[in-house]
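With positions in the sequence shown counted from 1, the corresponding number in this note's numbering is that position plus 9. Quick reminder that beta carbons are idealized off the backbone N, C-alpha and C, glycines included. Keep in mind the model is a prediction, meaning the values are calculated, not measured. The structure under discussion appears below in the form of structure tokens.
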Amino acid sequence: IDSPEADLIESTDQAYSKMSRLTSQMGGLIEKLWGSFTLSGDANALRLSGLTALQLCPLFTDLPKDTPIIASHCWVALAAVAAGFTNVINLVIDNHAQWFVVTPGCLNLVQGPSNYQQLLKLGVPPENIQLAGHWIPRELVVNVPEDCQRRMDRTGPIKLLIPVGGAGAQRKFICQFVRSLQPLLEEGKIQLLLNAGDHAHMKEAFEQVLQDMNVKEYDTIATTEGVLEFRDKLLATTATTTTKPVTLFSFAEYFPAVATTDILGRVADVLCCKPSELAFYPIPKLLIRRVGDHEQYSAWRAAELGDGTLEAREVQDCLDYLQLFLNSDALEQMNRSIIKNQKQGVYNGCQRAVQVALERAAASS
10 IDSPEADLIE
20 STDQAYSKMS
30 RLTSQMGGLI
40 EKLWGSFTLS
50 GDANALRLSG
60 LTALQLCPLF
70 TDLPKDTPII
80 ASHCWVALAA
90 VAAGFTNVIN
100 LVIDNHAQWF
110 VVTPGCLNLV
120 QGPSNYQQLL
130 KLGVPPENIQ
140 LAGHWIPREL
150 VVNVPEDCQR
160 RMDRTGPIKL
170 LIPVGGAGAQ
180 RKFICQFVRS
190 LQPLLEEGKI
200 QLLLNAGDHA
210 HMKEAFEQVL
220 QDMNVKEYDT
230 IATTEGVLEF
240 RDKLLATTAT
250 TTTKPVTLFS
260 FAEYFPAVAT
270 TDILGRVADV
280 LCCKPSELAF
290 YPIPKLLIRR
300 VGDHEQYSAW
310 RAAELGDGTL
320 EAREVQDCLD
330 YLQLFLNSDA
340 LEQMNRSIIK
350 NQKQGVYNGC
360 QRAVQVALER
370 AAASS
């Protein structure tokens, strides 16, 4: 949408992304201060979000006020409530309880029980909060049994999917991590699926790292059609490897970049990512160094569910976990935990949100 409201969202996102990149690269005290900032979403932060969301209200002008609104970010929910909508559901992000992530005047759905309890302790009214489950793309959820079984039957190298977060941070850490994988790559024990997203600087960084590792031949995919073809080829055959030990994914636009991780999730053996929204995904996860201290709580959630590791703060921690994956039944345990979690509805948060929205709509008609 070409509008002042879209420009506001884009400029705010760019500012947040820039700070995440800078603090991640600088480390030390600056990173610690930024981490503390991400934990400080108090009532004042909620008020500021509310004032910002007021600027987004014109986007809702032509919609009927009883239209169900399911918001994947609190700004959308705040704007919908301010615009007078009567059936608003806010999908609470992360696993750390703070006022910034909730929306007064609507139903807030959360992904895990500890966050649910902590938000109640903060003072969120019980009628404004429910435990729903994780926010996961449907295709990943319904195919859990098949995909987990295929991972457990794997006989070839472990396919590591390494995406760069939406902020484009972590360049220094991820490049060090990828570089450290050279021996395992040369021994044929792993394959790399590198998603640079829409970040040109990360594509260049990955290309430089691969050059330093003496990886001369690798595939580069730059379209959603190419990603789907890549995935479908692995799903349709019994092949345990792709044509090259490394595949680099890079895009000119935001949405194909984000969708790629969702698409490749079905064929990846391990998702190597910071503990952001991806920490909730039903894929075995190696959770690497966070960007913002609020993310540590999402890593704890994954570790307790058995579908991910604790946060690996250093490159050597990542390598230790990979050795565990290669030389023990740790990956099998994660896949069995994912199958169990799926049967219990842990990953059905999106489905639950739609059900609740429709039930509320029917009750008010």
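Which partner residues of residue 201 appear in the DSSP bridge assignment? DSSP links residue 201 through a beta bridge to 169, 255.
Ignore the nearest five residues each way along the sequence and tell me which others in residue 51's own chain have a CB closer than 8 Å to its CB. Answer for residue 51: 107, 108, 109, listed in chain order.
Please classify residue 362: is it buried, with 16 or more other beta-carbons within 10 angstroms of its beta-carbon, or exposed? With 16 or more neighbouring CB atoms inside 10 Å of its own CB, residue 362 falls in the buried class.
By DSSP, does residue 190 sit in helix, in strand, or in coil? In this structure, residue 190 counts as coil in the three-state DSSP scheme.
Where residue 397 and residue 93 are concerned, what is the direct C-alpha to C-alpha distance, given to the nearest angstrom? This structure leaves residue 397 out entirely; the chain is present only between 10 and 374.
How is the beta strand (DSSP E) around residue 139 delimited, first residue to last? Annotation: the continuous beta strand (DSSP E) that includes residue 139 extends over 138-140.
When the Cβ atoms of the region 196-208 are set against those of the region 259-276, are three or more pairs found closer than 8 Å? Verdict: yes, contact present.
Buried versus exposed, by CB contacts within 10 Å (16 or more), residue 155: With a 10 Å radius around the Cβ and a threshold of 16 neighbouring Cβ atoms, residue 155 comes out exposed.
Relative to the C-alpha of residue 114, which candidate in 256, 105, 78, 353 has its C-alpha closest? Nearest of 256, 105, 78, 353 to residue 114, Cα basis: 78.
Pick from 133, 218, 274 that is closest to residue 243, judged by C-alpha positions: Of the candidates 133, 218, 274, the one whose C-alpha sits nearest the C-alpha of residue 243 is 274.
May I have the straight-line CA-CA distance separating residue 60 from residue 312, to the nearest angstrom? One C-alpha to the other measures close to 37 Å.
According to DSSP, is residue 112 helix, strand or coil? DSSP places residue 112 outside both helix and strand once states are collapsed to three, so it counts as coil.
Would you kindly report the start and end of the unbroken beta strand (DSSP E) that includes residue 295? Taken as a continuous stretch (DSSP letters only), the beta strand (DSSP E) holding residue 295 covers 294-296.
Secondary structure at residue 80, three-state DSSP: helix, strand or coil? If DSSP states are grouped into helix, strand and coil, residue 80 belongs with the strands.
Own chain, CB closer than 6 Å to residue 200, minus 5 neighbours either side, in chain order: Answer for residue 200: 166, 168, 254, listed in chain order.
Might you give, ordered along the chain, the residues of its own chain that have their beta carbon closer than 7 Å to the beta carbon of residue 259, omitting 5 neighbours on each side? 205, 212, 229, 231, listed in sequence order.
Is the beta carbon of residue 137 sitting closer than 8 Å to the one on residue 124? No, the Cβ-Cβ distance between residue 137 and residue 124 is not below 8 Å.
Contact defined as beta carbons within less than 8 Å: I believe residue 284 pairs with residue 308. What is the distance between those atoms, to the nearest angstrom? Between residue 308 and residue 284 the Cβ distance is about 4 Å, and since that is below 8 Å, they are a contact.
Opening and closing residue of the alpha helix (DSSP H) in which residue 150 lies: Annotation for residue 150: the continuous alpha helix (DSSP H) segment containing it runs 147-151.
Could you check which residue in 365, 190, 209 has the C-alpha nearest to that of residue 324? For residue 324, the nearest C-alpha among the options comes from 190.
If you draw a straight line from the C-alpha of residue 70 to the C-alpha of residue 141, how long is it? Distance between the alpha carbons of residue 70 and residue 141 is about 29 Å.
Just the C-alpha distance for residue 280 and residue 234, rounded to the nearest angstrom, thanks. Rounded to the nearest angstrom, the two C-alpha atoms are 21 Å apart.
In terms of residue numbering, what span does the beta strand (DSSP E) encompassing residue 228 cover? Here the beta strand (DSSP E) through residue 228 covers 228-230.
So, with DSSP's three-state summary, where would you put residue 355? Here residue 355 sits in coil by DSSP.
Residue 319 - DSSP class collapsed to helix/strand/coil: The DSSP-derived three-state label of residue 319 is coil.
Rounded to whole angstroms, what's the CA-CA distance from residue 76 to residue 218? Just pull it up for me. Distance between the alpha carbons of residue 76 and residue 218: 49 Å.
Where does residue 99 fall in DSSP's three states? Note: residue 99 maps to strand in three-state DSSP.
Given a cut-off of 8 Å on the beta-carbon distance, is the pair residue 80 and residue 104 in contact? Between residue 80 and residue 104, the gap from beta carbon to beta carbon reaches 8 Å or more.
For residue 279, the first and last residue of its enclosing alpha helix (DSSP H): For residue 279, there is no enclosing alpha helix (DSSP H); the residue is part of the beta strand (DSSP E) that begins and ends at 279-282.
Reducing DSSP to helix, strand and coil, say where residue 65 ends up. Residue 65: coil per DSSP, three-state reduction.
Using the three-state DSSP reduction, which class does residue 267 fall into: helix, strand or coil? In this structure, DSSP gives residue 267 a helical state, which the three-state scheme calls helix.
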